[in-house]
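Residue numbers (full-length UniProt numbering): 1 to 483.
The C-beta atom is built at its ideal place from N, Cα and C for all residues, glycine as well.
Note that the structure is predicted; figures quoted are calculated from it, not measured.
Step one of this worksheet: look at the structure below.
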Amino acid sequence: MDLQKTAHVVLLSSPGIGHLIPIIELGKRFHIHHNFKVTILVITSQTSQAESQILKSATNPSLYTIIPIPSSNISATAVSTRIRLTMRHSIPSIKSALINLPLRPSAFIVDIFGTESLILAKELNIPKFVYVASHAWYLSLFAYSPVLDKQIEGQYVDQKEPLKIPGCKSVRPEDLVDSMMDRNNLQYKEYLITANNLCKSDAVLVNTWNELQHRELKALNGELSCSLKIPVFAVGPIVRQTKSKTDQDTESMMKWLDKQPKESVVYVSFGSGGTLSYDQMKELAFGLELSEQRFIWVLRAPRGDDADGAFFTTGCSDRFDEIQKQLPDGFLERIKNLGMLVQEWAPQVNVLKHGSIGCFISHCGWGSVLESLTNGVPIIAWPLYAEQRMNATMLVEELGVAVKTTLSPTKNVVGREEIASLVKKVILVERNGKSNHMRERVREIKVSAEKALCEGGSSYNTLSKVAKIINKQDFISLSLNVD
Ligand code: UDP
């Protein structure tokens with residue numbers, strides 16, 4: 001390997017669009033703001049068309065080099081376990097990619113599923129980081145999980161009280177991440193391994209900003225450092241910008257949006273992997289119709305019974321006609337002047353940036369949340385999987401930018417009246433100005449995010465500090481003085 005003057009940061013993404021996008025965006029920032037050379041190793045699922053599309057459109061040799069590493073086919077029921085096992089099996093290929101790079105890496109950054117590869121950076125004696133593309137409250141639970149594992153007996157979900165995390169808001173048992181729902185499950189065991197591995201990195205980068213989550217970030221670098229033992233740097237919100245190249249479908253959607261009144265359209269999407277049952281889809285269709293508000297709905301067929309059923313197969317369904325047949329009789333005809341259905345995938349950032357969008361019915365994946373906040377769009381929170389229940393609770397109770405859906409206890413779906421009433425609450429009440437200040441709050445947050453990212457802002461300064469550490473290979477600045 002050649003010695004080089006410019007730092008060369010290597011990032012590793014685990015399978016999943018929600019993991020790939022934040023890693024690419026962080027890489028871009030290192031290049032654009034710090035002139036680093038950037039290489040992105042991507043463990044690909046090979047089964048998601050949307051993933052291949054993103055990899056194709058993200059290819060930009062002037063900003064970074066992408067090296068796809070095809071993953072072996074691992075079968076596991078839970079998505080998170082499948083990703084963790086895939087990452088473990090991929091270590092030899094990651095090692096081979098790393099040692100064959102033409103330029104010596106100056107730092108190695110992995111996402112939360114890639115922590116077992118940190119050993120490779122240790123062998124190269126370069127700084128190593130974990131990039132948590134979620135928020136600081138989630139990170140505090142994740143980092144504190146090994147302690148909770150020792151402290152609490154029995155299932156977490158049976159606890160009468162919320163789980164206490166020093167210096168942070170407690171987490172209600174029903175809001176816990178999926179992996180903590182059953183402690184006897186392989187998913188929990190694998191989750192704990194990753195949580196324990198966190199401190200094998202030199203520091204954690206987290207996709208939030210100090211002004212948004214001051215309390216949690218203070219705890220992570222204070223009370224919680226006894227269990228985490230490494231510094232945490234808030235570098236966000238790092239989100240995608242709009243796509244300039246538009247295809248035909250996108251163009252017709254944008255033209256349709258151009259014709260709608262300001263802040264009048266509900267955007268409905270459940271991220272890269274979210275799927276609803278046919279019963280729930282039908283109820284959502286009735287709910288949107290009942291609300292009498294305009295909407296764009298990214299429609300996706302169920303894949304089995306799982307809420308994250310499309311995680312490895314986004315963009316692959318050719319059953320659109322079949323799905324449409326499952327909608328209420330006459331629905332398509334009745335809504336033709338009111339709404340738009342989009343098959344599988346929409347250019348989400350372009351949509352959220354459009355002035356006609358009035359609210360976002362979202363599964364609350366952190367990527368989607370940040371894209372909504374940074375475009376000033378209030379949220380109807382409809383959490384489905386992973387840490388999304390925590391995200392929803394935070395959006396409603398801490399940030400005041402969302403309302404949350406509830407399942408009807410008898411039918412186990414979110415009912416049509418509930419959907420219609422929430423949509424009206426956000427679109428109409430907010431629009432008429434008699435609001436509970438959700439829109440005002442989200443606009444304040446948008447401004448605060450912009451400030452954090454621009455030169456001199458908290459996240460800009462923090463990422464500059466990290467860049468300096470990488471440039472100087474300054475391991476001392478990465479050590480925390482904790483017992
Ligand atoms: N996304 C998109 N179009 C879609 C669905 C999702 O562009 O139709 C993007 C979205 O903008 C976000 C990412 O996919 O950047 C999803 O990440 P998120 O963290 O919200 O959720 P996940 O998919 O990981 O559950």
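- When the Cα atoms are used, Val-177 and Lys-5 turn out to be separated by approximately 43 Å.
- Excluding its 5 nearest sequence neighbours in each direction, Gly-27 has C-beta neighbours in its own chain below 6 Å: Leu-11, Val-38, Ile-40 and Tyr-64, listed in chain order.
- With a cut-off of 8 Å, the C-beta of Ala-133 is classified as near the ligand UDP, since at least one heavy atom of the ligand falls inside that distance.
- Annotated as proximal: Val-204 and Pro-231, with beta-carbon spacing under 9 Å.
- Around Ala-285, the same chain offers Leu-327, Pro-328 and Phe-331 as residues with beta carbons nearer than 6 Å, after the five sequence neighbours per side are excluded.
- Secondary structure at His-31: helix, using DSSP grouped into helix, strand and coil.
- Secondary structure remark: continuous alpha helix (DSSP H) runs of at least 4 residues inside the region 370–423, in chain order: 388–393.
- DSSP, reduced to helix, strand and coil, places Trp-345 outside both helices and strands of the structure shown, so it counts as coil.
- The C-beta distance from Ala-392 to Ala-402 rounds to 7 Å, short enough to fall under 8 Å.
- According to DSSP, Ile-230 shares a beta bridge with no other residue.
- The distance from the Cβ of Ala-219 to that of Pro-162 is about 16 Å, inconsistent with a contact at the 8 Å cut-off.
- Taking a 10 Å sphere around the C-beta of Val-235, we find 16 or more other C-beta atoms and assign the residue as buried.
- Between Trp-209 and Ala-449, the gap from beta carbon to beta carbon is short of 9 Å.
- The distance from the Cβ of Gly-339 to that of Phe-295 is about 4 Å, consistent with a contact at the 8 Å cut-off.
- With a contact defined as Cβ atoms closer than 8 Å, Leu-212 and Tyr-144 miss out at about 20 Å.
- Counting the other CB atoms within 10 Å of its CB gives Leu-407 a total below 16, which places it among the exposed residues.
- For the pair Ser-170 and Tyr-138, the Cα-to-Cα distance works out to about 11 Å.
- The ligand UDP never approaches His-354 closely enough for any of its heavy atoms to be under 8 Å from the residue's Cβ.
- Within the DSSP secondary-structure output, Ile-109 pairs in a beta bridge with Leu-11 and Phe-129.
- Taking C-beta atoms as the reference points, Gln-293 and Ile-427 count as a pair closer than 9 Å.
- In this structure, the ligand UDP has a non-hydrogen atom nearer than 8 Å to the beta-carbon of Tyr-385.
- Checking the 8 Å criterion, the Cβ of Pro-347 is within range of a heavy atom belonging to the ligand UDP.
- Buried is the label assigned to Val-423, since at least 16 other Cβ atoms lie within 10 Å of its Cβ.
- Per DSSP, Ala-50 is one residue of the alpha helix (DSSP H) stretching across 49–58.
- By the neighbour-count criterion, in which a residue is buried when 16 or more other Cβ atoms sit within 10 angstroms of its Cβ, Asn-35 is exposed.
- Boundaries of the beta strand (DSSP E) harbouring Trp-297: 294–299, taken from the DSSP string.
- Collapsing the DSSP output to three states places Ser-464 in a helix.
- For Ile-69, the pairing in a beta bridge is given by DSSP as Ile-43.
- Of the heavy atoms belonging to the ligand UDP, at least one sits nearer than 8 Å to the Cβ of Trp-366.
- Only buried fits Ser-48, as 16 or more other CB atoms lie within 10 angstroms of its CB.
- DSSP places Ile-427 outside any alpha helix (DSSP H), giving it a letter other than H or E.
- Excluding its 5 nearest sequence neighbours in each direction, Ala-58 has C-beta neighbours in its own chain below 6 Å: Ile-24, listed in chain order.
- If you compare the alpha carbons of Ile-445, Arg-389 and Val-442 with that of Pro-173, the shortest gap goes to Arg-389.
- Across the structure, Ala-452 and Thr-86 are spaced so that their CA atoms are roughly 35 Å apart.
- At a threshold of 8 Å, Gly-273 counts as near the ligand UDP, since its beta carbon sits closer than that to one of the ligand's heavy atoms.
- Around Ile-66, the same chain offers Ile-40, Val-42, Leu-55, Ala-58 and Thr-59 as residues with beta carbons nearer than 7 Å, after the five sequence neighbours per side are excluded.
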